[in-house]
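Per this note's numbering, the sequence shown starts with residue 840, numbered consecutively. We treat Cβ as the ideally placed atom computed from N, Cα and C, and that holds for glycine. No experiment lies behind these values; they were computed from the predicted model shown. Working notes, structure below.
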Amino acid sequence: MTTLAAPASISAIEAALAHLSDPEIPVVSLAELGILRGVREGADGTIEVVITPTYSGCPAMGQIEDDVRAALKTTAPNARVVTQLTPAWTTDWMSEAAKEKLRAYGIAPPQCGSAGDASHGTVKFSRHAVRADVVPCPQCESHNTTEVSPFGSTACKAQYRCLDCLEPFDYFKPY
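Structure follows, in structure tokens:
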């Protein structure tokens, strides 16, 4: 006689997914980045793992889905992966641990999220507010940096250069 295994609990599934890292930034987990939105029971009773891309054209999403499915094979083989585009991902979903790991990896973390951050302020020119963010160098922590290009190694990053240590670095753009 064959007995069916009891369905995995949501906490067991979350634990199975906790080690999954971003394919483009392997030092940060999907959960820390806020890409892994949650695990829930769908309307039909099937477990769903909800993921949200950092932006709608993120080329890593196929790999992320494959990694999630592989992690679910033993814990919840019948679970499905749901890509949810709304609400749109924001750097506000990124944990402080993720920001520290980015910095240690050589990527400047976002200075603020979609809602802004009063600690970085704005400068008013006429009737328009302009961000006055300074992106500190993740290598030497200097604030003497400049944007080289709004396009970095991936679309969610910009390329910067430190004018003190002269090192180039990526800046994870706030969304």
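Integer Cβ distance of residue i from residue j, believed to fall under 8 Å
i: Glu978; j: Glu1006; result: Residue identity differs from the one stated: residue 978 is Gln in this sequence, not Glu. Rounded, the Cβ-Cβ distance is 5 Å, consistent with contact.
i: Pro975; j: Thr984; result: 7 Å
Under 7 Å between C-beta atoms of residue i and residue j
i: Tyr894; j: Ala947; result: no
i: Ile864; j: Ile890; result: no
i: Thr922; j: Tyr1014; result: no
i: Ala927; j: Glu871; result: no
i: Ile886; j: Ala855; result: no
i: Ser981; j: Cys951; result: no
Nonlocal neighbours in the same chain, by C-beta distance under 7 Å from residue i, ignoring five residues either side
i: Ala851; result: Thr914
i: Gly877; result: Val889
i: Val920; result: Val888, Ile890, Glu904, Val907, Arg908
i: Lys1012; result: Pro949, Cys995, Lys996, Ala997
Same chain, Cβ closer than 6 Å to residue i, neighbours up to 5 away in sequence not counted
i: Pro989; result: Ala997
i: Arg879; result: Glu887
Rounded separation between residue i and residue j - CA only
i: Gln902; j: Cys995; result: 17 Å
i: Ala857; j: Ala910; result: 10 Å
i: Leu941; j: Ser868; result: 11 Å
i: Ser992; j: Met933; result: 19 Å
i: Met900; j: Gly881; result: 21 Å
i: Tyr999; j: Lys912; result: 41 Å
i: Ser848; j: Pro898; result: 31 Å
Same chain, Cβ closer than 8 Å to residue i, five either side skipped, listed in chain order
i: Val866; result: Ser860, Lys940, Leu941, Ala943, Tyr944
i: Ala957; result: Residue placement at Ala957 is poorly supported in this model, since its pLDDT is 36, which falls under 50; the coordinates still yield a value, given next. Closer than 8 Å at Cβ, skipping near neighbours: no residue.
Length at least 3, wholly inside the region 911–945: the beta strand (DSSP E) runs in chain order: 919–922
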